[in-house]
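Residue numbers (the working numbering): 15 to 207. Beneath this line is the structure, given in structure tokens, with notes to follow.
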Amino acid sequence: MKPSCRAERVHFSRAWLALAVCAVLAAGNALAAPYTYPLHYTTVYGTGTASGSVTFDSSLLVPNGGTGGIVCDVSLISAFTLNVSGLSTTPHSTTFTKSDLTGWDLDINSSGTITALNFFMGHGYCATSFNSDNYQISGVDPFLLDLWDVTGLRIAEFQLVPPSIPALSTYGVAALALLVLLAGALLVARRLS
């Protein structure tokens, strides 16, 4: 006995409703994931190498039109480590952590590309804080980071080599496309049976 058209519509509507709920939950989870951005710098001035990582909520990976600015709240960072070694000054290496920072900058253009990422502890002669080795980092241009000593002397300048990252919206669109494809396949299989 074949079910009535009304029963098929109710079942079909419930399936689409369940699919929509799953899509919303999947998109919400994608937005709330921690994202660890690798930090690899090349030396522009002075000596040394710098590398580390910063972890923040992936929901920040949306276009902000360059309005991130130095005022970005450090509490939005869940973890930060920058290891600097090979310095010509003593000590020859140092490490910076989230607790050393007084600000950061994350700017993303309309196409989803990170156009600036920097970290601050003050700035050179206006230094307000230093790490335990009496060094300070200060972003000076997009992707440029200066290393200062306690006397206000610039020791080195490093340029961030940005990794390629997919735009967050790509994940949401891909997940939704897979869900729609699955729903379509189920619908076709049901019609054929």
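We treat Cβ as the ideally placed atom computed from N, Cα and C, and that holds for glycine. Quantities reported herein were computed from a predicted structural model and do not represent experimental measurements.
- For V164, the CB contacts under 7 Å within the same chain, skipping 5 residues up- and downstream, are F144 and N148 in chain order.
- Rounded to whole angstroms, S146 and T111 show a C-alpha spacing of 11 Å.
- In this structure the region 60-80 touches the region 108-126; the number of beta carbon pairs closer than 8 Å is three or more.
- Only residues of its own chain outside the window of five on either side were considered, and among them T116, M135 and G136 have a CB closer than 8 Å to the CB of T142, listed in chain order.
- A buried status is given to D160, since no fewer than 16 other beta-carbon atoms sit within 10 Å of its beta-carbon.
- By the neighbour-count criterion, in which a residue is buried when 16 or more other Cβ atoms sit within 10 angstroms of its Cβ, A130 is buried.
- Taking the Cα positions, G198 is about 33 Å away from T127.
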